[in-house]
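Novice: One structure is given below, represented as structure tokens, and several questions about it will come after.
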Amino acid sequence: MTPFTALESFDAHLSVLRRHIQDWFSDLDRQVRYALMTTEGLIKLITFFGRAHASGTLLSHMITFLNDKVSV
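Be aware that the sequence shown starts at 342, since it is given in the numbering used here, and climbs by one per residue.
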């Protein structure tokens with residue numbers, strides 16, 4: 342495996358992992374979304390996604406989460 346091929350493979354796997362994590366923000370279970378929105382969870386997600394991806398991805402989900410109506 343060449344270094345270029347290894348980098349392509351890493352980027353492809355990272356992209357899949359990012360999509361899976363983004364799917365968790367749409368999970369029907371509010372507790373899953375809440376766990377992602379804790380301070381500790383957000384810090385880890387920002388570190389994982391990086392500044393460029395975090396601002397676009399996390400900010401939109403945070404707004405949606407904050408606007409979510411709680412069923413009682």
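Beta carbons: idealized from backbone N, C-alpha and C, even for Gly.
Only a predicted model underlies this, so the values are computations on that prediction, with no experimental measurement involved.
Could you give the DSSP three-state label for Thr343: helix, strand or coil?
Specialist: The residue labelled residue 343 in the question sits at position 2 within the sequence shown. In the structure shown, Thr343 sits in coil (DSSP, three-state: anything other than H, G, I, E or B).
Novice: With the cut-off set at 7 Å, would you say Phe366 and His394 are in Cβ contact?
Specialist: Here residue 366 is taken as the residue at index 25 of the sequence shown, counted from 1. Here residue 394 is taken as the residue at index 53 of the sequence shown, counted from 1. The answer is no: Cβ separation not under 7 Å.
Novice: Around the Cβ of Leu399, are there at least 16 other Cβ atoms within 10 angstroms (buried) or fewer (exposed)?
Specialist: Here residue 399 is taken as the residue at index 58 of the sequence shown, counted from 1. Counting Cβ neighbours within 10 Å, Leu399 comes out buried, since at least 16 surround it.
Novice: Please report how far the alpha carbon of Phe406 lies from the alpha carbon of Ile384, in whole angstroms.
Specialist: Along the sequence shown, read from residue 1 onward, the residue named residue 406 stands at position 65. Along the sequence shown, read from residue 1 onward, the residue named residue 384 stands at position 43. For Phe406 and Ile384, the distance between alpha carbons rounds to 17 Å.
Novice: Is the beta carbon of Asp368 less than 7 Å from the beta carbon of Arg359?
Specialist: In the sequence shown, counting from the first residue as 1, residue 368 sits at position 27. In the sequence shown, counting from the first residue as 1, residue 359 sits at position 18. No; because the gap between Cβ atoms is not below 7 Å, this pair is not in contact.
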